[in-house]
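Student:
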Ligand SMILES: [Zn+2]
């Protein structure tokens, strides 16, 4: 009952807005079957010799590319995943000229697969990969098709995904563009992220509008600042708010 009212409110705000920005995290893709590797339980953690945060770090990649790629292939690549109602609704809003940008922490490329064109990927993408030695580009299929667990370039160099690992800085250009879009937004929607870690929490501070919408089933770090708090599933909420 309450959810109904909140979705109606969101719908009305979307109607009145023309510079919407969506900021999303792992929760946007869980409905596409992509789990958040950070929130996995202890059982799964025991399967690997190191915690995910360590495996997905720059120094670990250099030291143990084999162990990195074993985890990466099993836990971070989902080539068969399809966009869900949330991705599709956001793509629709962009096509209607209402949404300026999707800012995402996800690396799965599902927003683009849904048709979104202006997607700012704070943590990079599994769809892009480069040779560390000569810089040659490789797509996701090249990584999937590689005969060895550690994919190598024709030149012999190791190929690295364009995914921002722990210990690595975010791409400045992407970050600046995200800030500019958020600053100019007339409606900021946040979904599928707990917003307790940098840079997500920091980015929201650049929004000075009065329509901050948080769509998340669990509490987030900005609930107190939200003008509209919708504790529902992101796909269901956006799917119903955008028809
Ligand atoms: Zn190369």
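Numbering (the working numbering), first residue to last: 408 to 650.
Glycine residues also receive a C-beta, built at the ideal position from the N, C-alpha and C atoms.
Find out if the Cβ-Cβ distance for the pair residue 577, residue 534 is shorter than 8 Å.
Tutor: The residue labelled residue 577 in the question sits at position 170 within the chain shown. The residue labelled residue 534 in the question sits at position 127 within the chain shown. Cβ atoms of residue 577 and residue 534: not closer than 8 Å.
Student: Roughly how many whole angstroms lie between the Cα atoms of residue 443 and residue 599?
Tutor: Position 36 of the chain shown, counting from 1, holds the residue named residue 443. Position 192 of the chain shown, counting from 1, holds the residue named residue 599. If I take the Cα positions, the gap works out to 10 Å.
Student: Measure how close the beta-carbons of residue 585 and residue 510 come, nearest whole angstrom, since I'm counting them as under 8 Å.
Tutor: Counting from one through the chain shown, the residue named residue 585 turns up at place 178. Counting from one through the chain shown, the residue named residue 510 turns up at place 103. With 8 Å as the limit, residue 585 and residue 510 qualify as a contact, their Cβ atoms being about 5 Å apart.
Student: For residue 561, count the other beta carbons within 10 Å of its own beta carbon; 16 or more makes it buried, fewer makes it exposed. Which is it?
Tutor: Working through the chain shown from its first residue, we reach residue 561 at position 154. Exposed, since its Cβ has fewer than 16 Cβ neighbours within 10 Å.
Student: How is residue 573 classed by DSSP in three states: helix, strand or coil?
Tutor: For the purposes of this step, residue 573 is identified with residue 166 of the chain shown, where counting begins at 1. The answer is strand: DSSP assigns residue 573 an E or B state.
Student: Please find out if some non-hydrogen atom of ligand 1 comes closer than 7 Å to the beta-carbon of residue 530.
Tutor: Residue 530 sits at position 123 when you count from the first residue of the chain shown. Outside the cutoff, so no.
Student: Our contact map puts residue 650 next to residue 618 with C-beta atoms below 8 Å; I'd like the distance itself, whole angstroms only.
Tutor: Residue 650 sits at position 243 when you count from the first residue of the chain shown. Residue 618 sits at position 211 when you count from the first residue of the chain shown. Residue 650 to residue 618, Cβ: 20 Å. No contact.
Student: State buried or exposed for residue 469, treating a residue as buried only when at least 16 other CB atoms are found within 10 Å of its CB.
Tutor: As a working mapping, residue 469 is identified with position 62 in the chain shown. With fewer than 16 other Cβ atoms within 10 Å, it is exposed.
Student: Are the CB atoms of residue 629 and residue 620 within a distance shorter than 8 Å?
Tutor: Taking the first residue of the chain shown as position 1, residue 620 is located at position 213. Taking the first residue of the chain shown as position 1, residue 629 is located at position 222. No; because the gap between Cβ atoms is not below 8 Å, this pair is not in contact.
Student: With respect to the beta strand (DSSP E) encompassing residue 629, which residues constitute its N-terminal and C-terminal limits?
Tutor: One-based indexing of the chain shown puts residue 629 at position 222. Neither: residue 629 is in no beta strand (DSSP E) and is coded neither H nor E.
Student: Look at residue 588 and residue 566 and say whether their C-beta atoms are less than 8 Å apart.
Tutor: Indexing the chain shown from 1 puts residue 588 at position 181. Indexing the chain shown from 1 puts residue 566 at position 159. It is not a contact, given that the beta carbons lie outside the stated cut-off.
Student: Which same chain residues end up closer than 6 Å to residue 438 when comparing Cβ atoms and leaving out the 5 residues on each side of it in sequence?
Tutor: Position 31 of the chain shown, counting from 1, holds the residue named residue 438. Hits under 6 Å: 491, 642.
Student: For a test of your reading of the model: does the CB of residue 540 fall under 7 Å from any non-hydrogen atom of ligand 1? Yes or no.
Tutor: If you number the chain shown from 1, residue 540 lands on position 133. For ligand 1, at least one heavy atom lies less than 7 Å from the Cβ of residue 540.
Student: For the structure I just gave you, are there three or more beta carbon pairs, one from the segment 495 to 502 and one from the segment 472 to 487, closer than 8 Å?
Tutor: No, they do not touch.
Student: I think residue 477 touches residue 556, with their Cβ atoms under 8 Å apart; what is that distance to the nearest whole Å?
Tutor: As a working mapping, residue 477 is identified with position 70 in the chain shown. As a working mapping, residue 556 is identified with position 149 in the chain shown. Correct: roughly 6 Å between the Cβ atoms.
Student: Rounding to the nearest angstrom, what Cα-Cα distance links residue 479 and residue 463 in this structure?
Tutor: Here the question's residue 479 lines up with position 72 in the chain shown. Here the question's residue 463 lines up with position 56 in the chain shown. Residue 479 and residue 463: Cα-Cα distance of roughly 8 Å.
Student: Have a look at the DSSP bridge pairing and note the partners of residue 528.
Tutor: Residue numbering aside, residue 528 sits at position 121 when the chain shown is read from its first letter. For residue 528, which the question treats as bridged, DSSP gives the partners 511.
Student: Should residue 553 be counted as a contact of ligand 1 given a C-beta to heavy atom distance under 7 Å?
Tutor: Against the chain shown, residue 553 aligns to sequence position 146. The answer is no for residue 553.
Student: So is residue 546 buried or exposed if we call it buried at 16+ other beta carbons inside 10 Å?
Tutor: Position 139 of the chain shown, counted from the start, is the residue given in the question as residue 546. It is exposed - the Cβ of residue 546 has fewer than 16 other Cβ atoms within 10 Å.
Student: Please state whether DSSP places residue 596 in a helix, a strand or coil.
Tutor: Translated into positions along the chain shown, residue 596 becomes position 189. Correct three-state label for residue 596: strand.
Student: Can we count residue 617 as close to ligand 1, meaning its CB is less than 7 Å from some heavy atom?
Tutor: The count along the chain shown starts at 1 and reaches residue 617 at position 210. False, no ligand heavy atom lies under 7 Å from that Cβ.
Student: Given a cut-off of 8 Å, decide if residue 505 and residue 648 are closer than it, judged by their beta-carbon atoms.
Tutor: Here the question's residue 648 lines up with position 241 in the chain shown. Here the question's residue 505 lines up with position 98 in the chain shown. Against a cut-off of 8 Å, the Cβ pair of residue 505 and residue 648 comes out as no contact.
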